[in-house]
Every structure is written in C-alpha cells, then in structure tokens.
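In the UniProt record's numbering, the protein residues as written are 1 to 1038.
Every residue gets a Cβ at the ideal spot worked out from N, C-alpha and C, and that includes glycine.
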C-alpha cells in the first residue's frame, strides 16, 4: 500500500503589488477532489476563495485614497501608504529620544482629548522643559560654558509655604554626567539645562504618537497605547470602567430615559400628583382638589398609585410603563406592603425605530442619481440624411448640402476640419469655418471651382513628399509595391521547389493506428493546399483600373515637381491610394475609393480621373481626405510643431507662475494698505457738504445787492435825467466789481475754513489711497496677463482634441474651439470676419465598451436596476434624452442655438461624477460658446437677391471702372456667356497665407526664378523702402 504523499506549501513570494496566489494541497493522495485555489494578500493577511472577491479587494487597495499616518501624505495606494508608514516608523523610532518614550506614552494613555493636534500640544507643553534620566542634554555652567551630558538623576522639590502665606514655585534638580569630563557630574536646575531643538519637536512627537497609539471610532473614546508597545514599557492597558464604551452607552441610555421621563406628561398635566411639574417649572404648588370622575373609582384602587388608562392601578406609579415614580411624602426606597414580596416588573419600553439611512454624499455614479421628473435634454440636430432618430429642430444652413451627407462621414468631416485648422500653420492654409468646409466639399465640381477645395488637397499632399528644392524626400512610411514580374518568378521558383520528388522503393512498413492517422492528416492537408491553389489561380474580379492609370507614371516624382494642374493632383491621389491599398488595414477603404475614381468600364486617363473626382460623392471625398490627413501626422514637420508647442506651454506655465506670484504678493500688500487706510480713516473723514440754507442765503444776498443797485440806478434816472449815460455805466461796473470781490472773498474764506478742518495726516492718507489705487491697477494687470497666458496655453495645446466631458449615458461632448486654435480662427484669415470657427457643441455617442458596460448590460444587472428605479437603463435613456439620441461612437449630433446651452446646463445633474465635470467645463466656456453660436447664425443668414446686387454694385464701385472693364473683357474672350453661378459662402475664402509665404497658391505652379540682373535691380529698389517685410502669420493673443 502506498503511503500518502505530502506536498510542501509553495514559498511565499513578496511582490510590490501584493498579488500573491497560493495553492493549498491535500494530504490524501487518493482523493479525487479538485485542488482548491485561494488568493492571498500577505500585507493584510486576507485569503480569498473567489477570484472576483480578490480582484475587488485589490482594486480597492490600489485606489489613491489612502493617507500615511506618519508623514501625512495623501493620494497614495494602500501598499504605498503602508510602505511609507513602515519607513516613517523606522525614522521616528530612531529620532525620538528613548528616555522620553515611556513617560510620554504613560501621559498619553487613557487621554480623552478628541483631536490629535490638541493632544500633541498638551504633551509638548508638559515635556518641553522636563527631562528624564538617560536623556542626552546640554548644561550651562556658571562660566557660560556649554557641556554635553546624560541625565543620571532627577529630583523634584515641591513649593514652600512662606510665613506670609505665599507659596514658592516647585523646582527640579538634575544630576548630569558630563561626557567630556569622565567622572565629573554637574547638578543644575531648570534654567541651566536644555535639549537639542531638533530632537523633541511637535512633528516628531506627532509621528511618534501616531505610530504607537490608537483610538476607537466612537465619541469620547480614550487614546490607548498599542499592546506590544505597552508591554515593552510596562504600561497598564486595563481601561478604567468609566472610559469603556459599554459604560458610556449605559450612561447615555440612562440620560435619555431620564429626559423622556421628565418630558412625559401625566393625567393632570403636572407630573405625578403635581410634584414633578412644580419642581421643573418653579416653586411647589398645592394640587387642586377636584372630585375624581366616576370611571376612576374602583373598589380595589390603591390610594398610593394612580390609575392607568384603562382604570386599573398602575403598578409603576406613572402613566408610562417601565418608569417607577415614588409615592409622595413617603420613603422612596420602601415599597407598599402589598408589593414588598413581589418582584419589580422589568422595563417594557418599545424598541426605537432604526435611524434613517444617511443621505448619499454627492457626487456619485451618474446612473445612480435619482431621476428628476420633467427634465428632458434639449433635442439634438443631425447634419445628415440618415439620422438615428427624427429631429424637428430648425437647422441653420443649406438643407440641400445636409441631404448629401451620411452619418458615417460626419466624424471624418470633424476630424479632418480640426486637423487642418489646428495645424494650419504647417499646411500654410488660412483657417476656415466648418460650414465653409462642408460646403466646399459638397459643391465643388467641374463647373464650380472652389479654391478652398483645391488648396486643401494640394497643401496636404505637399506634406507627404518634399519639393525638389528641399530634397524630394518621402516624409511618411508607405507600403511597398510588389513588382509583377518578380512575383511571377518567385511563384515559378516556389512551384519548382514544391514539385514532389520520386518516391524510392521502400520496404512496406507495418501499419499502426498512429501511422494511419498521420497519413490521413497529410492527405487532408494536401487536398486543402490544392483547393487553395485552385482558388488563387482563379482570376480575381477587377474592381478598378488604377494600375493601368499608374503605368509608366511615378506619382511620387510628379508630387516632387508639384504638377497639380489639369487633374495632376487628382492622379497623384489615385497613386497614393493605390499604394496605401497594399496595407491590410486600409485595403478595403482604398479599394472602394479607387473603384469610384478609376472604374473598370472606362479607359483610365488623367482627364477621366479629374472628371470623376469632380463628380465624386462628398462622403467619398472626405474619406479620401481623411486618409491623407492621417498620413501627415507621421511627418517630421508635424512632430516638430507639437514639440515646439510643448516647449512654449512650458515657458507659458513658468511665466504664469511668475505673474501669479506677483499677484499674490500685491494682494497681500493691498490688504496691508487697506488695513492702514481703515486705521487712518476716522481722522481723515471728508468734510460734510455745506448745508443748502447757506447757499440760499448767498443767493438772497446777491439778489439784495442787485436790487439795491437797481434802486440806485432808478434814483439816478429820476434825479439827473440830463446826465450822460457814461456815468451810469461806470456805476453799474463798480457794483458788479464789488459783487465779484465779495464773492471771491467769500470763496477764499470757505477754502480757508475747509483747509483748517483738514487734519494734519491728510498727505499721508492721500499717499495711502494713491498706493492702494496703484496696487489695484497692478493686480488688474496681473490678472489680464494671466488670462492672456491661459489663452496662449489653450491655443498651444495641440496634442489632442480635448473633450468637454461625458453625460450620464456616456455621450461625449466636444467644443472644438476648446483647445489648439484661436476661438474665431486666425485673426488675419480671409474669413476672419465670420468671428467663429465651428460654433457648435457636438455630441458623440458612447463607444462599444461603455455601451455594453453601462447601458446594454446583462439581464441580471438590468433587473437589479429596474428594481431600484422602476425602469432599465435604456428606458431611462429614452425618457431623459427625449426624442433625439445617439447610440454609438459613429453617430454625431450637435447644438447650434444659444438657448440650447442653458437648457443643457439645466438638464445636467451635478450630483453625478461625469456631469459634474461636464457642467463645470461648459459653464467655464459658456459666454464664448454662446457668442460664437450667435456669430454663426449671423454668418449663415442668407441675404436676399436685392441685397446681393447692392453688395456687388458696391464692390464694383470700390474696384474702379478700369478693373471692371478689364475683367469683363477677359471673361468675354475666355468663356461663353453663362448664367451667374450660385454665390456660395466658401467663395469668399482665399489662401492669403500661401500667397504671403510662397508667393503663389498651392494649386498653382511656382513662378519661374528671376534672372540675376532683374533680382539685383529689384533688391536695389526695395532697399530704400522704409516699409518692413510682412511678418509670417502666427497666432496672436486675443
């Protein structure tokens, strides 16, 4: 019989993440049970039988919500906090004086101070000037010499009572063994001994107390030294009875019972026989003598106890059961004779109802927030002909363009537009609005030439291959094209190598089961290879004729030469797509595009490709442009630009910190100046304005003077009629002069009186007011600079598109002006007058992982959610989002009305994690969002035909007759008279950036180089010109 085999347990492995899996083995070798597995966390000693429980616990431990008790550092995982505490405990153990550990712990034991800060202050103040044997100290001798030593003995003397009744303060004497003088001891008092300041500090004491002391989580719990530490320093760990939790609980219950007893009214409303109420409310009153009702008169009624509610005597002496009231005027500790031999009844109080659950601490998970009735999200608008749900919202813009777009291409439109505008400085393009971009991609055709459409394609293609002057380097990694001849030769070589060799005569082998199975497997493999070879030999269906178009045509070389005219860039796009189709990830999309540009039923030429691209569906156009834009993100120019922006952001942050520091300092100085102004204000109060009565009196006196002068004039007229008028004018002048002097004298006296009232400190007070004004202006300047730097940081943040946030159903909200570009596009763009870039809040549906994990969950989770909220998550989504919704990441809706922003803010619930952050972002940018939505509405407003004619007439008048006649004559020579084309908004866009930096458009060939003589003459003509050369376009601070 075999002996049972006993396996040794595996060695415990210490891991940083503490994820250790241990397996237990059975000692019974004959047992057929499966070996159970458990999961062990060695740091906590926890063992889990279920892996899900183990993962849940580990996920909790790895959350950054733990705090190191020794250092106070927060935001740590459990394992980081544990490691920090262990390291800090070792440092505290070494730093704290050994001689003080026992006395400090004895002082802390059983303390009931609630806050540890107060406990540290209490212990520190008590031990700061107290020293214990064995402690290293410094003593000061009579010659002011400082010597190091160790306390050997400590003697404390109490205070003395003097004959006059006063008591002296107690003092302590220390016997210190000096280290530098062996065998010599010094006896010093409290004033001549001290310790190193760095040894015993509040921070070290706090860390030591946190390490060695614990406290239970109830109000009034005492601080207790840990058992191992208490045993080491011989500290009693037995908690006194009055500090135990059960004692505190009983006292609390007794106090509550006494309160209920004192608050419970009896039948007469004044307590038992009126005594209780009298004791509570004031001096004792005699009870009113009233005849008892008949219902209370019984034969067996005891005179010592009142009756209960049913007329029977209440044995407990009160109206409430379970509370004993002593009969009045008798011994309260003696029961009546009838009840002396009977046991007292037990208290039969009704159990208290359980307390209500505490309210949730918001924010919480969004889908766990209770529903709000009547609050529905504003309806979305869809820019496509196949929306996921119907929308009745009015749309700004051309409905015919919207009908051409499909939902699957909206994401491509947004991604391409955002890339072209964020990196427009690399592409050398003027910024353009999203509406102009969609319109240009939709209306461009062979009859309607749109500069924006051609410039975008040519500018993006230039980034893939450098020009000949710059070396002609291919800046992206392209899949290699396979040569057909090389492929055919390789296939022939492979066929030759795969030809079976003639079998040699072998002796017949013995057939076994394994040999027969092997032979069968080889036969099946040979048949599969033959079938695969036959399928490869079948000619594949021809989807396009791009190879015929690119025969004897090197699109890379043509791109180096920038041959974009007459269908050149369209043919280059076909060559690029054909080469990208060799990549398995892009094969399907490129093949579909090539089938549209080079159909198999037409002869492929550059002209036919140009015609097909001009009539290509807008959804295919944006798909091709998206593929090319994605390639440009691999270029060195793009990476260099992002690195430069990152360095600029670092410099901006440093500058912002500097301004914030200056602002903080200025605020502190302003606060000090305001305090100084408040102190000086009572002595520098401005004088009160003169009363109105004084002004009236002045007016009356003036009137009296004038009337007197008039009277004198009248008397003169009556007496001397024949006198010359010159004398009367002089009299009037003298009266006016006297009046002016009198008024000037009065003003001088008033100013002197006011000056006398002004206190002596007025100059100092005015200086303080002036300094306050300067500080306020400087603080305003700092805030303006910080705002400018914040805007620069936002524009330089071009690494990725920042999302505003997510709502409760995990829909993503984008405002593409959020980062990477100026709010209204480049300020010197040709369409900068629009004053907006996108002007909409875009809503993207949840991705598949979020949808499956939070919305379309398993049935058991849906049942649990329905039990709690009376509906499933999809039902709640339909109820709260209203008639319009997006269901996956390929679906997009948008808000374009300013009123919808406020409605969306009302719908967002800040009690949820996602919507709290989303609402905060929208509120921060609300004013800008609303402003650009209004600018978009103004820009998209369609002008009437009369207004268009007036605008054209104005433009013709501004341009001049000579230019107009020349333009008309040229048009007549080149084209036949055709009806006026539709005036699309995108026609107003011009690529002024390329014209300034390159001297020509991207779609035009570069001008031929000038001869040397002409160039020298031009330089001589330009040198005396005082006008500086135009600076390159850069983003400006707005």
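Considering just the uninterrupted stretch of the beta strand (DSSP E) at residue i, what are its terminal residues?
i	result
residue 155	146-157
residue 826	Unbroken run through residue 826: none, as it is neither H nor E.
residue 423	Unbroken run through residue 423: none, as it is neither H nor E.
residue 375	Unbroken run through residue 375: none, as it is neither H nor E.
residue 214	213-215
Leaving aside the five residues before and after residue i along the sequence, list all residues of the same chain whose C-beta is less than 6 angstroms from its C-beta, in chain order.
i	result
residue 900	378
residue 135	97, 99 and 151
residue 424	431
residue 155	173
Which residue comes first and which comes last in the alpha helix (DSSP H) that contains residue i?
i	result
residue 788	762-796
residue 227	227-232
residue 200	Looking at the DSSP string, residue 200 is not in any alpha helix (DSSP H), and its letter there is neither H nor E.
residue 842	From DSSP, residue 842 is part of no alpha helix (DSSP H) but of the beta strand (DSSP E) over 841-844.
residue 938	926-940
Have a look at residue i and residue j and give me their C-alpha separation to the nearest angstrom.
i	j	result
residue 655	residue 789	8 angstroms
residue 918	residue 361	19 angstroms
residue 407	residue 619	9 angstroms
residue 201	residue 76	26 angstroms
residue 69	residue 91	13 angstroms
residue 657	residue 641	24 angstroms
residue 890	residue 411	7 angstroms
residue 174	residue 196	17 angstroms
residue 114	residue 675	37 angstroms
residue 897	residue 916	22 angstroms
residue 832	residue 74	49 angstroms
residue 651	residue 797	13 angstroms
residue 629	residue 866	46 angstroms
Using the three-state DSSP reduction, which class does residue i fall into: helix, strand or coil?
i	result
residue 195	coil
residue 126	helix
residue 20	For residue 20, the predicted structure reports a pLDDT of 44, less than 50, and the residue's modelled location is therefore unreliable. A value from the coordinates is still provided. If DSSP states are grouped into helix, strand and coil, residue 20 belongs with the strands.
residue 890	coil
residue 41	strand
residue 172	strand
residue 805	strand
residue 919	helix
residue 569	helix
residue 984	coil
residue 63	coil
residue 223	strand
residue 853	helix
residue 104	helix
residue 608	helix
residue 136	strand
residue 161	strand
residue 55	helix
residue 903	helix
residue 131	coil
residue 667	helix
residue 88	helix
residue 369	coil
residue 48	strand
residue 116	helix
residue 247	helix
If I measure Cβ to Cβ from residue i and keep anything under 7 angstroms in the same chain, skipping five residues before and after, which residues do I get?
i	result
residue 340	Note that residue 340 scores 46 on pLDDT, short of 50, meaning its location in the model is unreliable; the coordinates nonetheless yield the value given after this. Excluding residues within five positions, none has a Cβ falling inside 7 angstroms.
residue 969	Low confidence applies to residue 969: its pLDDT is 38, below 50, so where it sits in the model is not reliable enough to give any reading.
residue 859	none
residue 501	The predicted model places residue 501 with a pLDDT of 47, which falls under 50 and marks its position as unreliable; any figure quoted below should be read in that light. Nothing meets the Cβ criterion.
Leaving out five residues before and five after residue i in sequence, what residues of the same chain have Cβ atoms less than 8 angstroms from its Cβ?
i	result
residue 565	1003, 1004 and 1005
Determine, using beta carbons only, whether residue i and residue j come nearer to each other than 8 angstroms.
i	j	result
residue 848	residue 819	no
residue 163	residue 132	no
residue 544	residue 479	no
residue 59	residue 914	no
For chain D, check one thing: does any of its Cβ atoms lie closer than 8 angstroms to the Cβ of residue i?
i	result
residue 77	The structure shown contains no chain D; it is built from a single protein chain.
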